Amino acid sequence: MRCLAAPSHAAPAVPRHAAPTTPRRRITFCLTWILFCAAGVEAGTGPPTCNLGAAVSYGLRDSAMFCFFLSTSPVKKMIFRLKVDELSTVILKGSQKFAVAEGQSQPVYTWVTGTRSSKAHPLDCTDSSDLADRGHSVSCPQVFTTGSHVAQVLNLVINLKNGHLSSFAWDNGCAACSPSSCIQSSKSLSLPSFKEGPAFFSVGACGEDLPKCPPDDENSCDMKVFVSWAGTDKDGRNLVSAGTRLSKFTGPTLKSVYGTMNDNYNSI
C-alpha cells in the first residue's frame with residue numbers, strides 16, 4: 001500500500017480520450033490496488049464478441065463484467081469481473097508475448113466492451129454515427145505495442161449514467177516519460193486487418209522500450225489497466241474513484257505509482 005495525494009472532489013464523467021488535468025485541491029489517501037489477472041485467454045477466428053447476458057443497471061459495489069481485447073490474429077479476449085467504483089488493476093498475463101509476436105508488422109491495440117449481442121469491434125472514434133450507436137458500450141482503440149515500445153500501464157475510466165454503462169475513457173498521458181517514449185493511439189482501426197487509421201489522438205501513453213521487455217521473461221511488460229469509475233449509480237449516487245485516476249498525479253509521483261504497480265504485479 002502506498003499513500004499518495006489526490007483530489008478530493010467527486011468525479012464527473014470523463015471524455016473518451018481525456019487530456020490530463022491539474023488537480024485543484026488535494027487530500028492524502030492510501031491507495032490499494034486490487035489485481036485481477038486473466039490466466040485464460042480466448043481466441044477465435046470470427047468477429048470479436050462479448051455476449052455476457054442482458055445489460056443491467058449497476059449500483060455501488062455491484063459486480064460488472066467486461067471484455068478486454070487484443071488486435072492479434074486471431075483476436076485475443078479476456079473477461080474480467082469488476083466492482084462498481086472500486087479501484088482495480090486488470091492484468092493479462094502473457095499479453096506482451098502475444099503482441100510482440102505480431103507487433104513487428106503493425107502496432108497491436110486493445111479495446112474494451114460491455115456485454116453486446118452484436119459484434120464487438122473497437123469503436124471508430126472518427127465516425128459520429130458509430131459513436132452514437134455503440135459509444136455507450138465499446139471503447140476507442142488504445143495502442144498497446146508498437147515496433148519499439150510497450151505501453152505497460154494504461155488508465156481506463158468507466159462512465160455510468162444512473163447505473164447504465166454510458167462510455168469508456170482512455171485517460172493516459174506522458175507526464176512520467178520522455179517525448180521519445182510517448183506513443184499515440186489511432187482513433188480508428190480498419191477491419192478486419194486492424195491497421196491504424198490516419199487520425200490520431202493528441203494525448204499519448206508512456207511506452208517502455210521493447211528491448212527492456214523480453215517476451216520470455218515471466219514478469220515482463222504484460223498489459224496492466226488501472227480502472228476507475230465516474231458518473232452515477234442506479235440510485236443516483238456519485239462515483240468518486242475516477243478522482244484518483246493516474247492522470248491526476250504529477251510526473252515524479254506518477255513514476256512512483258508505476259513502480260508500485262509493477263512491484264505488485266511481480267509479486268503475484
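Here the working numbering is used: position 217 in the sequence shown is 217, and no number is missing along the way. For every residue, glycine included, the Cβ atom is placed at its ideal position computed from N, Cα and C. Small disclaimer: the values here were computed from a predicted structure and weren't measured.
Distance CB(residue i)-CB(residue j) smaller than 9 angstroms
{"i": "T72", "j": "A101", "result": "yes"}
{"i": "T115", "j": "A55", "result": "yes"}
{"i": "W111", "j": "V157", "result": "no"}
{"i": "C140", "j": "F168", "result": "yes"}
{"i": "Y109", "j": "V153", "result": "no"}
{"i": "S181", "j": "C174", "result": "yes"}
{"i": "L92", "j": "F68", "result": "yes"}
{"i": "F226", "j": "N155", "result": "yes"}
Status (buried if at least 16 other CB within 10 Å, exposed otherwise) for residue i
{"i": "P15", "result": "exposed"}
{"i": "M223", "result": "buried"}
{"i": "G163", "result": "buried"}
{"i": "R61", "result": "exposed"}
{"i": "M78", "result": "buried"}
{"i": "G94", "result": "buried"}
{"i": "S277", "result": "The structure shown does not extend to residue 277, since the chain is modelled only from 1 to 268, so the question has no answer here."}
{"i": "S99", "result": "Per the sequence shown, residue 99 should be read as Ala rather than Ser. A99 should be labelled buried."}
{"i": "R81", "result": "exposed"}
{"i": "G231", "result": "buried"}
{"i": "Q202", "result": "According to the sequence provided, residue 202 is Ser. The question's Gln does not apply to it. Exposed."}
{"i": "A285", "result": "What the structure shows of the chain is the stretch from 1 to 268, and residue 285 is not part of that stretch, so it cannot be assessed."}
{"i": "D233", "result": "buried"}
{"i": "G269", "result": "The shown model of the chain, from 1 to 268, leaves out residue 269, and the question about it has no answer."}
{"i": "S241", "result": "buried"}
{"i": "G135", "result": "buried"}
Backbone secondary structure at residue i - three-state DSSP
{"i": "K212", "result": "helix"}
{"i": "K97", "result": "helix"}
{"i": "L239", "result": "strand"}
{"i": "L131", "result": "helix"}
{"i": "A13", "result": "coil"}
{"i": "T244", "result": "helix"}
{"i": "S180", "result": "helix"}
{"i": "T22", "result": "Unreliable placement is indicated for T22, whose pLDDT of 41 sits below 50; no coordinate value is reported for it."}
{"i": "H149", "result": "strand"}
{"i": "A205", "result": "strand"}
{"i": "C50", "result": "strand"}
Nearest to residue i (by Cα), restricted to the options the options
{"i": "K212", "options": "A151, K93, C140 and Q142", "result": "A151"}
{"i": "K161", "options": "M78, C67, C50 and V84", "result": "V84"}
{"i": "P107", "options": "T244, D233, R237 and S190", "result": "S190"}
{"i": "A120", "options": "S137, H149 and G94", "result": "S137"}
{"i": "S178", "options": "W170, E208 and G135", "result": "E208"}
{"i": "P48", "options": "L123, A13 and S63", "result": "L123"}
{"i": "L87", "options": "S63, F98 and G236", "result": "S63"}
{"i": "K97", "options": "P214, L239, A132 and D133", "result": "P214"}
{"i": "C221", "options": "V227, L210 and L131", "result": "L210"}
{"i": "L239", "options": "S118, L165 and T89", "result": "L165"}
{"i": "T244", "options": "N172, C125 and S148", "result": "N172"}
{"i": "S105", "options": "E196, S128 and D233", "result": "E196"}
{"i": "G204", "options": "A13, K187 and T232", "result": "K187"}
{"i": "L52", "options": "I183, S129, S117 and D233", "result": "S117"}
{"i": "P198", "options": "R237, G135, T126 and D133", "result": "T126"}
{"i": "C50", "options": "G59, S57, Y58 and V75", "result": "V75"}
{"i": "S148", "options": "I183, T89 and A176", "result": "I183"}
According to DSSP, residues forming a beta bridge with residue i
{"i": "C140", "result": "Beta-bridge pairing links C140 to no other residue."}
{"i": "Y109", "result": "V143"}
{"i": "S186", "result": "F200"}
{"i": "N159", "result": "S167 and A230"}
{"i": "L154", "result": "V225"}
{"i": "C125", "result": "Paired residue(s): none; C125 is not in a bridge."}
{"i": "A64", "result": "L82"}
heavy atom of the ligand ZN below 8 angstroms from residue i C-beta
{"i": "T145", "result": "Absence of the ligand ZN is noted for the structure shown, with no ligands found whatsoever."}
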